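Residue numbers (this note's numbering), protein chains in the order written: chain L, 207 to 551; chain G, 207 to 551.
2 protein chains.
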Amino acid sequence: MGRKPSNRPTSFDIAYRAGVSQPTVSRALRGSPSISEATRTRIEAIARELNYSVDKNASSLRSKRTNTIALLFFEEDTPGDSKINPFFLAMLGAITRHSAKRGLDLLISFQRMEDDWHVRYLDSHRADGLILLGYGDYTLYRSRLRDLVDHGTHFVRWGAVDDPAFGAAIGSDNAQAGRMAGEHLLDLGHRHIVFLGQADEHYPEFADRYGGLCEALDAAGIAPDDALRRDTISHEDLGRAAMQDVLDAGTEFDAVFAASDLIALGAMGALRAAGKRIPEDVAVIGFDDLPAAAIASPSLTTIAQDMRAAGERLIDALLARIEEREPPSPLIGTQLILRESTTPR
Amino acid sequence: MGRKPSNRPTSFDIAYRAGVSQPTVSRALRGSPSISEATRTRIEAIARELNYSVDKNASSLRSKRTNTIALLFFEEDTPGDSKINPFFLAMLGAITRHSAKRGLDLLISFQRMEDDWHVRYLDSHRADGLILLGYGDYTLYRSRLRDLVDHGTHFVRWGAVDDPAFGAAIGSDNAQAGRMAGEHLLDLGHRHIVFLGQADEHYPEFADRYGGLCEALDAAGIAPDDALRRDTISHEDLGRAAMQDVLDAGTEFDAVFAASDLIALGAMGALRAAGKRIPEDVAVIGFDDLPAAAIASPSLTTIAQDMRAAGERLIDALLARIEEREPPSPLIGTQLILRESTTPR
DNA sequence: CATAATATGGCATACGTATACGTAGAGCGA
DNA sequence: TCGCTCTACGTATACGTATGCCATATTATG
Chain L
207 MGRKPSNRPT SFDIAYRAGV SQPTVSRALR GSPSISEATR TRIEAIAREL
257 NYSVDKNASS LRSKRTNTIA LLFFEEDTPG DSKINPFFLA MLGAITRHSA
307 KRGLDLLISF QRMEDDWHVR YLDSHRADGL ILLGYGDYTL YRSRLRDLVD
357 HGTHFVRWGA VDDPAFGAAI GSDNAQAGRM AGEHLLDLGH RHIVFLGQAD
407 EHYPEFADRY GGLCEALDAA GIAPDDALRR DTISHEDLGR AAMQDVLDAG
457 TEFDAVFAAS DLIALGAMGA LRAAGKRIPE DVAVIGFDDL PAAAIASPSL
507 TTIAQDMRAA GERLIDALLA RIEEREPPSP LIGTQLILRE STTPR
Chain G
207 MGRKPSNRPT SFDIAYRAGV SQPTVSRALR GSPSISEATR TRIEAIAREL
257 NYSVDKNASS LRSKRTNTIA LLFFEEDTPG DSKINPFFLA MLGAITRHSA
307 KRGLDLLISF QRMEDDWHVR YLDSHRADGL ILLGYGDYTL YRSRLRDLVD
357 HGTHFVRWGA VDDPAFGAAI GSDNAQAGRM AGEHLLDLGH RHIVFLGQAD
407 EHYPEFADRY GGLCEALDAA GIAPDDALRR DTISHEDLGR AAMQDVLDAG
457 TEFDAVFAAS DLIALGAMGA LRAAGKRIPE DVAVIGFDDL PAAAIASPSL
507 TTIAQDMRAA GERLIDALLA RIEEREPPSP LIGTQLILRE STTPR
């Protein structure tokens, strides 16, 4: 096979063989309407034959468009080598696939909130925009987010859909999902529902989920009870501890709504250790539908977020920002996944 | 040297303020030895003050070096939106962190084996090299890998460390790990060990793991028994089916070595359904140490691969290839993680 | 003190593409 | 026939950096 085109061909090489000028090649390949169909097909044929591909750097340098976006993960503490939050890994898959569909390259990076990503990625013309996937105390991020907005940075983030002063956000309809979870537990006859999750301005997504639960309780004529609530962030051990705390307090309860699957899995451990049967004594519902939720035993009823839609929406919202178009709707649908932890087989 | 101070500062702007030429700025910032220390610090100060950052595209265009590598995932079947294999997600974390340490940007993409990535990433000067993370039938990949090698493509892959004609590979010492798993089961007194996993040239990593098991059996004076072996790829449902098949066959066995955690988790499901107690009736050991292994109940004894080392080694081996240096050792250590599925509490 | 050797940095230019602007020819109506 | 409008390209140049080669000042050398 004579694949030995010593040097990588440039648009000049194509132009030479096609008997046209280099700009004509550029225009033809980019689909400019001012090139005749005949010329275009001829050029495309030669390009294919020579195995030509546009030099990304030259193209981006000239056009000021990289067709690349940077995906930034943040973590609560920078633990060097801890596991990535599995939820964001699911998101990663969706984002990757959809960005490919849109012809975008994807740069990925783990960051600390303090770093200057707009410098690193945007100002250096590596990427046209940023997607922020972070978890952790929201109040710590807000000032940083506001800085980015002021700086004119093109970005969207996954999280609570709130004040746009903190940037465009895409997120699940947590309030509605919380209501759905609550209604499910109420339908099953549970009346004393524990909520595990820090539901305040530090974790607005959790707050919305709790708000939804309260709505469902209200509708059923039940007053939310702070004794049935424990603050915790999304971590298995902390979920276990929070559940243990409720058990130790001796308060009566017949169901648990955990603000995340990690919390739920920890809570199930504590319940098992306390001799409670799931779901006979205590029903448990989580949030996120991690792979582990299906594997746990009993398997965990949970709220699944539509990751596919989330990935699409994040990308398209970012593109809308970059191209100054109207952004798509920020709220993503959720779905109740019934499993053994609420409904015995 | 007369240049208008535009929006984003360029090296000309720095040069103007520092009273030097643009090339001097470039050299100073890149650490050229032919720039005096005094000039360099002055330039660096101005650069910082102006929030300057080198234009990645211009730099790469001129220097022919992108300092970017592309991470390519392959999947068995392209199922549109299936879950990513969790094992590779763990790898992703390690690779991401180590590439950051080396000052490399990381492009990530999901691919089909047939696509032309060297065109897409290397020929278009998006990346300097490729890391291939794939699973699936190895025999289908081999010709493709050989093409890449012939083409002079800079790449490394995760997988079986075998003939370098298929490119530089980094992988766990699967044979030794298999021996370790076997010895563990033998130490516990098990004599009839089922192996679940397709151990042939299609899945050379599995083959090595099985080979290690056989060594351990040999050393204990036990002959490997094909009746205690089932081919399956790394998938929970298929693992369950393979286990069921062994159960249906009625062959006696007291332990299972699954070639991956996904297989092991499926197998445990089948065992539970058949009324077998784990580990009292049947001990189970897996491979990979997925997060799910710790969550399953009973928790799953498994072989952990050193993902941190794997990420480092992949990156450094790739850099060695690109810079034509001596590559690091390809074999990665493994570790036995003891859990309930082999040792009751 | 003359001259060679460094140290330091300027000059010119290349990297490969995209785009503003100009222009030849075709078509067309008066 | 002239002039006008389009179509379909060519010309010239910019994007921002890196680097080979050369020039000057400085110091070392004999």
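Each residue gets a CB set at the ideal place from its N, CA and C atoms; glycine is no exception. In this text, all values refer to a predicted model and were calculated from it rather than measured experimentally.
Taking 9 angstroms as the threshold (C-beta atoms), are G475/L and E442/L in contact? Inclusion of E442/L and G475/L in the CB contact set at 9 angstroms is warranted, their separation being smaller than that value.
Taking C-beta pairs closer than 9 angstroms, name the residues in chain G that S378/L reaches, listed in chain order. Within chain G, no residue comes near S378/L; the closest Cβ sits about 18 angstroms away, beyond 9 angstroms.
Just to confirm, is the Cβ distance from V452/L to L434/L under 9 angstroms? yes
Using 8 angstroms as the Cβ pair cut-off and three pairs as the minimum, do the stretch 321–337 of chain L and the stretch 258–277 of chain G touch? Flag = yes, the stretch 321–337 of chain L and the stretch 258–277 of chain G touch.
Since L471/G meets chain L, which of its residues come closer than 8 angstroms, beta carbon to beta carbon? I501
Inter-residue Cα distance where the pair is P200/G and W364/G: In this structure chain G extends from 207 to 551, so residue 200/G is not present and cannot be described.
Roughly how many angstroms separate the alpha carbons of E250/L and V231/L, rounded to a whole number? 9 angstroms
Below 8 angstroms between beta carbons is the criterion; list the residues of the stretch 227–248 of chain L that meet it against any residue of chain G, in chain order. The residues in question: there are none.
Amino acids of chain L, ordered along the chain, whose beta-carbon sits closer than 9 angstroms to that of P497/G: K289, P292, L496, P497, A498
What are the start and end residues of each continuous beta strand (DSSP E) run of 3 or more residues lying completely inside the stretch 226–299 of chain L, in chain order? DSSP runs (the beta strand (DSSP E)) wholly in the stretch 226–299 of chain L: 274–280.
With a CB to CB cut of under 8 angstroms and the five nearest residues on each side skipped, what residues in its chain are close to A429/L? Cβ within range, chain order: L423.
Can you pull the chain G residues whose beta carbon is under 8 angstroms from the beta carbon of S259/L, in chain order? V325, R326, D329, S330
Within a Cβ cutoff of 6 angstroms, which residues of the same chain sit near R545/G, ignoring the five residues on either side of it in sequence? S505, L506, T507
Do V367/G and L520/G have their C-beta atoms closer together than 9 angstroms? no
With a Cβ-Cβ cutoff of 9 angstroms, do E486/L and H398/L count as a contact? no
Please check if any C-beta of chain L sits within less than 9 angstroms of the C-beta of S315/G. yes
Would you say R214/L lies against chain G (beta-carbon separation less than 9 angstroms)? yes
So with CB distances below 8 angstroms, who are the chain G contacts of L267/L? D261, N263, A264, L267
Quick check on P285/L: buried or exposed, where buried means 16 or more other Cβ atoms within 10 Å of its Cβ? A caution first: P285/L carries a pLDDT of 40, below 50, which makes its placement in the model unreliable, though a value can still be read off. Around the beta-carbon of P285/L, fewer than 16 other beta-carbon atoms lie within 10 Å, marking it exposed.
Does any residue of chain G bring its CB to less than 9 angstroms from the CB of T540/L? no
Anyone know if the C-beta pair for T549/L and L394/L falls short of 9 angstroms? yes
Hey, does D311/L have any beta-carbon neighbour from chain G nearer than 9 angstroms? Chain G contact via Cβ: present.
Can you name the residues of chain G whose CB is closer than 8 angstroms to the CB of L524/L? Result: empty, since nearest Cβ-Cβ is about 16 angstroms, beyond 8 angstroms.
Hey, out of P410/G, L419/G, C420/G, whose CA is closest to I439/G's CA? P410/G
Would you verify that the beta carbon of G427/L is, or is not, closer than 9 angstroms to some beta carbon of chain G? For G427/L, the answer is no, since every Cβ of chain G falls outside 9 angstroms of its Cβ.
Residues that L544/L contacts on chain G, provided the C-beta gap is smaller than 7 angstroms: Near L544/L there are no residues of chain G at all, since even the closest Cβ is about 19 angstroms away, more than 7 angstroms.
What residues match up with V490/G in a beta bridge as DSSP calls it? V462/G
Sort V325/L, Y341/L, T274/L, L346/L by Cα distance to H357/L and report the nearest one. V325/L
Could you run through the stretch 473–488 of chain G and flag, in chain order, every residue whose CB is less than 7 angstroms away from some CB of chain L? So the list is empty, because no residue satisfies the distance condition.
Just curious, the beta strand (DSSP E) that A374/L is in, first and last residue? 374–378
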